[in-house]
Amino acid sequence: MSTNEREEMRREEMKCQAARDQFALLLYGELSFDEEERVESHLDVCADCRRALERQKAVHAAMDAVEVRPSPALLNRCRDDLSELLGYERQAQTKPGWWEQFASSWKINWLRPAGAMALLAIGFFGAKIAPQLNFGGQNDYQAMGLLGNSRVRNVEAQPDGRVRIVLDQTQQRTVSGTIEDQAIRALLVAAAKDPSDDPGLRAETVEILVPGAGSADVREALVFALENDQNAGVRLKAMDGLKTYAHDPAVQGALAQVLLRDANPGMRTQAIDLLATGPGGELDRRVIGALQEAMGREDNTYVRERCQRMLELIKASSEIY
Amino acid sequence: MVHQRSGAARSEGAHVDETALIRAAQAGDSAAFDELVRAYDQSVLRLAMNLLRSPEDARDVYQETFLRVYRNLNNFRFDCSFHTWLYRIVTNLCLDQLRKRKIRKEEPTVLATADGTLDRMDSVQEERGDSDPQRALFSGEIRKKVKETLAQLTPRERMVFELRHYQNLKLRRIGEVLGTTEEAAKNCLFRATQKMRAALGDFV
Numbered sequence: 017m018s019t020n021e022r023e024e025m026r027r028e029e030m031k032c033q034a035a036r037d038q039f040a041l042l043l044y045g046e047l048s049f050d051e052e053e054r055v056e057s058h059l060d061v062c063a064d065c066r067r068a069l070e071r072q073k074a075v076h077a078a079m080d081a082v083e084v085r086p087s088p089a090l091l092n093r094c095r096d097d098l099s100e101l102l103g104y105e106r107q108a109q110t111k112p113g114w115w116e117q118f119a120s121s122w123k124i125n126w127l128r129p130a131g132a133m134a135l136l137a138i139g140f141f142g143a144k145i146a147p148q149l150n151f152g153g154q155n156d157y158q159a160m161g162l163l164g165n166s167r168v169r170n171v172e173a174q175p176d177g178r179v180r181i182v183l184d185q186t187q188q189r190t191v192s193g194t195i196e197d198q199a200i201r202a203l204l205v206a207a208a209k210d211p212s213d214d215p216g217l218r219a220e221t222v223e224i225l226v227p228g229a230g231s232a233d234v235r236e237a238l239v240f241a242l243e244n245d246q247n248a249g250v251r252l253k254a255m256d257g258l259k260t261y262a263h264d265p266a267v268q269g270a271l272a273q274v275l276l277r278d279a280n281p282g283m284r285t286q287a288i289d290l291l292a293t294g295p296g297g298e299l300d301r302r303v304i305g306a307l308q309e310a311m312g313r314e315d316n317t318y319v320r321e322r323c324q325r326m327l328e329l330i331k332a333s334s335e336i337y
Numbered sequence: 016m017v018h019q020r021s022g023a024a025r026s027e028g029a030h031v032d033e034t035a036l037i038r039a040a041q042a043g044d045s046a047a048f049d050e051l052v053r054a055y056d057q058s059v060l061r062l063a064m065n066l067l068r069s070p071e072d073a074r075d076v077y078q079e080t081f082l083r084v085y086r087n088l089n090n091f092r093f094d095c096s097f098h099t100w101l102y103r104i105v106t107n108l109c110l111d112q113l114r115k116r117k118i119r120k121e122e123p124t125v126l127a128t129a130d131g132t133l134d135r136m137d138s139v140q141e142e143r144g145d146s147d148p149q150r151a152l153f154s155g156e157i158r159k160k161v162k163e164t165l166a167q168l169t170p171r172e173r174m175v176f177e178l179r180h181y182q183n184l185k186l187r188r189i190g191e192v193l194g195t196t197e198e199a200a201k202n203c204l205f206r207a208t209q210k211m212r213a214a215l216g217d218f219v
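Taken in sequence, the protein lines are chains A and B. As numbered in the numbering used here, residues 17 to 337 make up the first sequence, in order. As numbered in the numbering used here, residues 16 to 219 make up the second sequence, in order.
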């Protein structure tokens with residue numbers, strides 16, 4: 017065979033390889049008009065590639081044969097489970113009060129960035145003019161002695177990334193500072209634990225606090241809300257905010273409490289996932305006790321089964337490692 | 016409500032209906048939300064089941080997907096189709112699950128037993144109906160090889176392959192769902208099909 021003939025053969029082989037690389041996309045109809053034209057032109061003159069294309073079609077058909085379709089029984093079980101969970105979700109939703117309606121008219125995603133500024137507006141009973149004070153540091157703020165005798169009445173989002181907090185106090189002042197200011201955070205922490213019947217206040221406060229969950233005091237407030245808040249929406253926000261700290265012992269303790277005590281099965285289900293998933297997605301064996309106890313007292317079939325599956329996974333995992 | 020297998024070919028009328036349904040659900044209409052679920056839940060469950068090949072995991076993904084839809088529906092702004100938005104949620108959940116499996120190396124689909132290999136799914140789900148003439152063409156050996164090869168794909172390859180081959184989505188839509196480009200999805204599909212061809216070349 018001459019050098020020219022060998023080169024010609026290599027060129028042909030390359031053409032064949034290039035054409036065969038396109039077969040899958042050809043069968044999926046994902047080639048452009050020109051690409052398809054080139055492949056088909058090659059197929060017209062290459063019997064080997066025509067046979068290769070038939071084999072590719074057989075591979076496709078073989079893949080079709082392993083497609084699984086869920087049984088109607090499984091679909092019905094899923095629908096029943098979802099219906100039950102949604103029922104609890106709907107019950108947990110509180111009717112929107114005047115404040116929530118107001119707040120919902122502002123989209124508050126811009127509150128999330130760390131370092132969001134906080135603005136405090138303090139209600140001044142009977143007064144028409146309020147002195148405006150800006151606070152950049154905790155010394156100024158603490159000098160006012162606000163923490164000792166004030167109670168957060170309301171919080172609301174501002175379009176510029178700040179929050180407005182209304183305090184019940186004997187006089188009205190406006191203060192501002194960053195969320196990193198310890199005194200501002202202390203007020204927000206107090207608002208998160210506010211015992212009044214105003215879940216909207218606590219929900220917004222928790223949402224504002226979440227970006228600061230790296231701080232122990234903020235995390236402690238979120239844990240408190242998760243364990244104690246009467247409103248499932250507030251507890252859910254707190255749990256979402258603590259997701260990345262699921263390995264923290266205090267957070268794990270709170271999640272175990274949720275699993276064992278929370279009235280909302282959706283919350284309990286999510287607690288299982290967070291408890292069982294430590295950093296890197298590996299199972300944390302410390303949750304075994306909580307899961308076993310939950311198995312004994314759980315009355316929701318779905319949550320119980322989920323506990324059981326998680327325990328089985330932990331068992332399987334411990335056998336692997 | 017009309018929902019096709021691919022979710023792509025819907026009539027204009029059905030699209031308008033769906034928009035009205037979503038808006039009603041956003042306004043708190045429980046019946047509208049339930050109707051939305053019913054329109055898509057079979058596709059969601061089938062996707063999860065086919066990808067994860069575990070009824071328990073598929074069930075979890077189903078619940079989590081629609082709970083997330085319920086909790087976040089007010090954030091849906093019609094920037095993309097509802098189908099794309101929904102599939103972003105379910106594919107992310109499935110990818111998380113597949114990645115966890117890669118870490119844990121847990122729950123193999125095909126188990127080795129004293130009596131040979133056993134597919135965990137065989138007892139609990141329906142593969143393509145026995146009436147499907149194609150199925151009869153392929154021996155259990157080939158099906159086993161296909162399943163093994165699918166399990167060896169990376170989560171991303173597996174996802175793109177699933178969406179293209181079994182869910183019949185075009186690569187452009189797959190790119191939208193997975194938050195990547197059509198080209199990247201095409202490369203992923205190419206790698207997946209190359210692996211399938213290499214693994215099955217001797218069988219067909």
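Glycine included, C-beta positions come from ideal geometry on N, C-alpha and C.
- Counting only the Cα atoms, Asp245/A lies some 27 Å from Asp75/B.
- With a threshold of 9 Å between beta carbons, Gln308/A makes no contact with chain B.
- Nearest C-alpha to Val84/B among Glu50/B, Leu66/B, Ser69/B and Leu186/B: Glu50/B.
- Bounds of any alpha helix (DSSP H) do not take in Leu88/B, whose DSSP letter is neither H nor E.
- As summarised for the stretch 200–243 of chain A, the continuous alpha helix (DSSP H) elements at least 4 residues long and confined to that stretch are 215–225, given in chain order.
- Below the 7 Å Cβ cutoff, chain A contributes Pro86 as neighbours of Ala73/B, in chain order.
- Under the three-state reduction of DSSP output, Cys95/B falls in the coil class, being neither helix nor strand.
- Within the stretch 29–46 of chain B, those residues whose Cβ lies closer than 7 Å to any Cβ of chain A are, in chain order, Ser45.
- Three or more pairs of CB atoms, one per stretch, sit closer than 8 Å, so the stretch 204–217 of chain B contacts the stretch 154–165 of chain B.
- Secondary structure at Cys62/A: coil, using DSSP grouped into helix, strand and coil.
- Its Cα nearest to that of Ala77/A, the residue Tyr44/A stands out among Tyr44/A, Asp210/A, Leu252/A and Arg106/A.
- Thr208/B: member of the alpha helix (DSSP H) spanning Glu197 to Leu215, first to last residue.
- In this structure Ala108/A is in contact with Gly249/A, their Cβ atoms being roughly 6 Å apart against a cut-off of 8 Å.
- Of the candidates Asp289/A, His263/A, Glu196/A and Gly216/A, the residue whose Cα lies closest to the Cα of Leu329/A is Asp289/A.
- Burial state of Pro70/B is buried, judged by a 10 Å Cβ sphere holding 16 or more other Cβ atoms.
- For Gly194/B, no Cβ of chain A is located within less than 9 Å of the residue's own Cβ.
- Sequence-distant Cβ neighbours of Ala232/A in its own chain, meaning closer than 8 Å and more than five residues away, do not exist here.
- A direct Cα-Cα distance of roughly 14 Å separates Leu59/A from Asp50/A.
- Linking Arg180/A to Val82/A through their CA atoms gives a straight-line distance of about 58 Å.
- Bounds of the alpha helix (DSSP H) holding Leu252/A are Ala248 to Gly257.
- Residue contact with chain A for Ile157/B: present (Cβ-Cβ distance below 9 Å to some residue of chain A).
- DSSP places Glu46/A in the coil class of the three-state scheme, outside both helix and strand.
- Counting C-beta atoms within 10 angstroms of its own C-beta, Arg106/A has fewer than 16 neighbours from the protein chains shown and is therefore classed as exposed.
- Taken through DSSP and simplified to helix, strand or coil, Pro175/A comes out as coil.
- Contact between Leu271/A and Leu291/A is confirmed by a C-beta separation of about 5 Å, below the 8 Å threshold.
- For Leu90/A, a Cβ of chain B is located within less than 9 Å of the residue's own Cβ.
- Taking Phe39/A as the centre and dropping the five residues before and after it, the same chain places the C-beta of Leu69 and Gln72 closer than 6 Å to its C-beta, in chain order.
- For Gly305/A, the enclosing alpha helix (DSSP H) stretches over residues Ile304 to Arg313.
- With distances taken between CA atoms, Leu66/B lies nearest to Pro86/A out of Pro86/A, Val75/A and Cys65/A.
- Per the coordinates, the alpha-carbon of Lys259/A lies some 10 Å from the alpha-carbon of Val226/A.
- Note on Gly269/A: under 16 other CB atoms within 10 angstroms of its CB, so exposed under the neighbour-count rule.
- By the C-beta density criterion, Asn20/A is exposed, having fewer than 16 other C-beta atoms within 10 angstroms.
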